[in-house]
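These protein sequences, in sequence, are chains X and L. Per our numbering, the very first residue in the first sequence carries number 139; after that it's consecutive. Per our numbering, the very first residue in the second sequence carries number 139; after that it's consecutive. Heads up, the beta-carbon is just placed ideally off N, CA and C, and yes, glycines get one too. As the structure is a computational prediction, the values presented were derived from the model and not from experiment. Read the structure below first, then the notes.
Protein chains: 2
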Amino acid sequence: MEYQLQNSVYARTMATDGLTRKGQATRDRIVQAASQLMLEQGVARTTIEDIQAAAGVSPSQLYHYFPGKDALVLAVVDHQAGQVMGVQHQGLNGLDDFEGLGNWRDLMIGILAKVQCVGGCPLGSLASDLSEADPVARVQLANAFESWEALLRNGLERMRDRGELAEHADPGELAVALLAAVQGGLLLSQIRRDPAPLRVAVNTMIEHLRSLSSAGGVR
Amino acid sequence: MEYQLQNSVYARTMATDGLTRKGQATRDRIVQAASQLMLEQGVARTTIEDIQAAAGVSPSQLYHYFPGKDALVLAVVDHQAGQVMGVQHQGLNGLDDFEGLGNWRDLMIGILAKVQCVGGCPLGSLASDLSEADPVARVQLANAFESWEALLRNGLERMRDRGELAEHADPGELAVALLAAVQGGLLLSQIRRDPAPLRVAVNTMIEHLRSLSSAGGVR
DNA sequence: CGAAAAATGGAGTATCAACTCCAAAATTCT
DNA sequence: AGAATTTTGGAGTTGATACTCCATTTTTCG
Chain X
139 MEYQLQNSVY ARTMATDGLT RKGQATRDRI VQAASQLMLE QGVARTTIED IQAAAGVSPS
199 QLYHYFPGKD ALVLAVVDHQ AGQVMGVQHQ GLNGLDDFEG LGNWRDLMIG ILAKVQCVGG
259 CPLGSLASDL SEADPVARVQ LANAFESWEA LLRNGLERMR DRGELAEHAD PGELAVALLA
319 AVQGGLLLSQ IRRDPAPLRV AVNTMIEHLR SLSSAGGVR
Chain L
139 MEYQLQNSVY ARTMATDGLT RKGQATRDRI VQAASQLMLE QGVARTTIED IQAAAGVSPS
199 QLYHYFPGKD ALVLAVVDHQ AGQVMGVQHQ GLNGLDDFEG LGNWRDLMIG ILAKVQCVGG
259 CPLGSLASDL SEADPVARVQ LANAFESWEA LLRNGLERMR DRGELAEHAD PGELAVALLA
319 AVQGGLLLSQ IRRDPAPLRV AVNTMIEHLR SLSSAGGVR
């Protein structure tokens, strides 16, 4: 089963209907191009002209689908949230043991290596870029991280219910710590151009969870 | 003893001499203003004019001290690295037990709360902002993180030598994980405007270290 | 088919942002 | 003091960038 954003903030914010199939395709092409460029060079450094060229559209087309750059940025945030949550859903869906946790880690490291650590986390980069510049985007990103955290928390709760984690383990706090390890690890990996920091950060958190397993971890 | 950057990359890169006392003051004012603005709104969104206004200098003054924006950005990176390392040195200097680790955590949380989570980590924000846009700045930031990591590693090694950590604990990996927890926690705190994520992320890592204490942690 | 709606092409504009230039004032040094 | 050097003021230039406008083509739908 493919993951899908059921309640796109953007869809709620902005009319997506009244668009023909061709129109949808053009709009998608714009969002796609904008997302990649903004991930690679930052939001402010990405010009409308860059996006036009990459998407192969004219100015009038872009402004036909988006009132301005700000609106396009929100669409990009939405798109990247969907992408990231798709991967996380894939990696965390039905997670209930340490093997699943290892697969999730490997999934992320694989993706990071594939892009050679360029861009870091699409959500994390946008968050850092937009937190102080665009209050609307900040809230939207905060919600995306909330969902991500919930996904982790649910998985950890399943592990606890299943007896893989001790009773006194706090899935809520552990989810936050795990998410922070991922984000911090990705940032360090991005700046060092080396997947190792992400791997070490996540592995260390997994080790911590093991020490909280009902068995008491390896001693 | 006050912490001081002994080998400023900028100092090595750029002549700082031939400057009169007044000149130094003006230059410092520019770097100071640029650092704050770039932290608050990002590098690309901060205009030279913004900086001129905030520092109270004319265009010719700014270009008298810096060949262009890129050079100023490098000076800002250098300045922020010095600021952050100053705090970290203060928090980690002579660290050799869990009490010190708690003080270090409280120091960071206190600073974060003081600015109401705006801007996040000066180094982390610059790293995310410049990693893909400015290769020179990226290397400079990578070096700063390297120093930070070394500071952590040294502290953890002292703890291990002192018997606070088990023999098999790996200070190198734990330092990376701790740094990632700080960075990830700061990012989440910035986007949620709440110091809790940083606190939880760091506390979880400290808990992990406790589970690696020779005593075997609280059970 | 044919009218209405949607999509597109492309030239054009107004503003902003980085940077330049040169003369004048302040400071340093002998 | 006085020459050399550093610092400063501020108008001006060049190019980039977000956005507009309107005519034309394409698609939808009764």
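- Exclusion of the five residues before and after ARG291 of chain X leaves PRO309, GLY310 and ALA313 as the residues of its chain whose Cβ lies within less than 7 angstroms of its Cβ.
- Rounded to whole angstroms, the gap between the alpha carbons of VAL214 of chain X and LYS207 of chain X is 10 angstroms.
- Contact annotation: LEU264 of chain X and PHE283 of chain X have beta-carbon atoms that are not nearer than 8 angstroms.
- Contacts with chain X at 8 angstroms (Cβ-Cβ) do not include THR158 of chain L.
- Across the segment 331-344 of chain X, CB contacts with chain L closer than 9 angstroms involve ARG331, ALA334, PRO335, LEU336, VAL338, ALA339, VAL340, ASN341, THR342 and MET343, in sequence order along the chain.
- Listed in chain order, the positions of the segment 206-227 of chain L with a beta carbon within less than 7 angstroms of a beta carbon of chain X would be empty, since no residue qualifies.
- The beta strand (DSSP E) runs of length 3 or more contained entirely in the segment 167-209 of chain X do not exist; there are none.
- Just measuring C-alpha positions, the residue of X:SER349, X:ALA171 and X:LEU212 sitting nearest ALA275 of chain X is X:LEU212.
- Interface criterion not met: the Cβ of HIS306 of chain X is under 8 angstroms from no Cβ in chain L.
- Neighbours of ASP267 of chain X in chain L, taken as residues at a C-beta separation under 8 angstroms, are given in chain order as GLY180, SER266 and ASP267.
- Distance from the Cα of GLU178 of chain L is smallest, within the candidate group X:ALA280, X:GLY323, X:VAL338 and X:ASP272, for X:ASP272.
- Following the DSSP letters along the chain, one finds HIS346 of chain L inside the alpha helix (DSSP H) bounded by residues 334-349.
- For ALA172 of chain L, the nearest beta carbon of chain X is not closer than 8 angstroms to its own beta carbon.
- Against chain L, a Cβ distance below 8 angstroms from LEU303 of chain X picks out nothing, because the smallest value is about 13 angstroms.
- Counting only Cβ-Cβ distances below 8 angstroms, LEU326 of chain L has contacts in chain X at PHE283, VAL314, LEU317, ALA318 and GLN321, in chain order.
- Restricting attention to alpha helix (DSSP H) runs no shorter than 4 residues, the segment 215-284 of chain X encloses them at 236-252 and 260-268, ordered along the chain.
- Separation of ILE189 of chain X and GLY257 of chain L (C-alpha to C-alpha, rounded to the nearest whole angstrom) is 28 angstroms.
- In this structure, the straight-line span from the alpha carbon of ARG167 of chain X to that of TYR201 of chain X is close to 14 angstroms.
- In this structure, DSSP gives LEU303 of chain L a state outside helix and strand, which the three-state scheme calls coil.
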